[in-house]
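Be aware that the sequence shown starts at 26, since it is given in my numbering, and climbs by one per residue.
Data first, discussion second: the structure below is written as structure tokens.
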Amino acid sequence: MTSLISATDTWALWTFLAVGAAVSIWLEQRYRWASTVSGVLIALFWGMIGVNARIVPAESPVWDDVWSFVVPLAVALLLFDADLRKIWRESGRMFWIFNLSAVGTALGAILAYLFLHKAIPEAHKATAMMTGTYIGGTVNLVGLSAALDASKDLVSGLVVADNVTMAAAFAILVAIPTRAIFRRHFAHPFDDAADAASASEAGTRAARFWRAKEISLADLAAALAVALVAVSVSTKLADLVKGIGGAPEFVKQTLGQKYLVLPLVMAGLATAFPGRLSAIRGARELGMLAMYLFFVVVGVPASAAEIAQKGPILFALTAVMATVNILFTLGAAKLFRFSIEEAVLASNANLGGPTTAAGMAVAKGWDGLVLPAILVGVWGYAIGNWVGLLVGRTVLSLIGP
């Protein structure tokens, strides 16, 4: 099919990406309905509309460049805070309930695969990607999709299903601490403190989380330089491992993948040089902007007919995983006497990542849990790919394709 913008019109296609990212971010931070829908889904729809209206082509070297170069750069930029010592030291009790919640994600993935794998093409890849996503975030889905060579149609369908599921899951998690049945059976000290505080700030959660901060030209230059170094080193290390003739196949499939080596490299840098990396402002903002460009690209190959056809079964996969995660997290919190606020934030940090967890803590007025939510969410970024890959291999070997 021909499109208004040709596949080789590089500048026009990058303009389409940049405008889509900018509009999505602006809407999410300006309007509550858009914040509820999420900028991610708006960016995805921008790409879908572009290709279905034949404004942009379904395939282009520009889309390939985003997958090959922009995505790994985004992963590196979003891991500047992955100081393992800081995560251990300052996340407090949230670290433990988060990891218990991650177990719930893995169990939910295995259960979903058991019932649905016959109906889902590349089911073990979908399970691995969603395990990584529901422990870390969309950045983990991106990394695993490249590491597993998943089809772009599958990735597009999973992103749509993920966002629909997340909208429902977040609404449930927000409501849980307000329900009498949960308040009777769980401690709720942070909610009690918030009730006694003054009225909440104006604006959407996204706007509050991404509020303006002082960022210098030197910050941006340093963030970009460190991220490029990390990506380059990770790529070289992965290529080196793949080139070892006698290396076990599992080693090649893990340490031979730059998307699995990159979190290790960034966690190593952030842990070895915590002061220097944390002093660089703007890395998270640059990383999220790069991710929004990717979100638009994810929507490009998705035709409306394919989404309607494949969406329901992928939604079932994500819904089962999210449901098991929430129930398991609440059960673990009750057993080990965590507060209801810690439980729902741990589940949120698993299912959505540090941004959504911190946004929920801010919106609820749980000030003492904002930093722990961010730290455990970053921890999820660091381990999500590895756990996802392990779960994918496990279900394939135990249950079969």
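Ideal Cβ positions, reconstructed from N, Cα and C, are used throughout, including at glycine.
Distance CB(Met155)-CB(Leu183) smaller than 9 Å: Result yes, Cβ atoms of Met155 and Leu183 sit closer than 9 Å.
What are the start and end residues of the alpha helix (DSSP H) that includes Gln54? Thr35 to Arg55
Three-state class that DSSP yields for Tyr317 in the structure shown: helix
Own chain, CB closer than 6 Å to Asp106, minus 5 neighbours either side, in chain order: Val403
Within 10 angstroms of the Cβ of Glu239, are there 16 or more other Cβ atoms? Answer buried if so, exposed if not. exposed
Would the region 92-100 and the region 367-379 be scored as touching if the rule is three or more Cβ pairs under 8 Å? no
Terminal residues of the alpha helix (DSSP H) in which Glu367 lies: Ile365 to Leu376
Compare the C-alpha of Val87 against each of Leu318, Leu423 and Ser170 and name the closest. In terms of Cα proximity to Val87, the closest of Leu318, Leu423 and Ser170 is Leu318.
If you drop the 5 nearest sequence neighbours on each side, which residues of the same chain put their C-beta closer than 7 Å to that of Gly75? Closer than 7 Å at the Cβ level, and outside the excluded window around Gly75, lie Phe41, Val81 and Val325.
Quick check on DSSP: helix, strand or coil for Tyr284? helix
Please look up how many angstroms separate the CB atoms of Pro379 and Ala398, rounded, as I've assumed it's under 8 Å. 7 Å
Could you check what DSSP says for Ser31 in three-state terms: helix, strand or coil? coil
Judging by CA-CA distance, which residue of Ala127, Phe140, Val256 and Gly268 is the nearest neighbour of Ala341? Phe140
Going along the chain, which residues of its own chain have a beta-carbon closer than 6 Å to the beta-carbon of Gly64, five neighbours each way excluded? Ser49, Ile50 and Glu53
The alpha helix (DSSP H) that contains Tyr138, what's its start and end? Arg118 to Leu141
Label Ala252 either buried or exposed according to how many other C-beta atoms from any shown protein chain fall within 10 Å of its C-beta, with 16 as the threshold for buried. buried
With 16 other Cβ atoms within 10 Å as the buried cut-off, status of Phe363: buried
CA-to-CA distance, Leu294 to Arg301, given in whole angstroms: 10 Å
Short Cβ contact (9 Å threshold) for Ala308 with Ala243: no
Cβ separation of Leu280 and Val266, assumed to be a contact under 8 Å, to the nearest whole Å: The Cβ separation is near 5 Å, so the contact holds.
Exposed or buried, Pro337, counting other C-beta atoms within 10 Å across all chains shown (16 or more means buried)? exposed
Can you tell me whether Trp429 is helix, strand or coil according to DSSP? Only positions 26 to 426 of the chain appear in the structure, and residue 429 is not among them; the question remains open.
Report all residues from its chain with a CB closer than 6 Å to the CB of Gly409; omit the five preceding and five following residues, and keep chain order. Gly157, Ile160, Gly161 and Asn165
Could you check the C-alpha separation between Tyr406 and Ser31 for me, to the nearest Å? 36 Å
CA-to-CA distance, Gly117 to Leu394, given in whole angstroms: 10 Å
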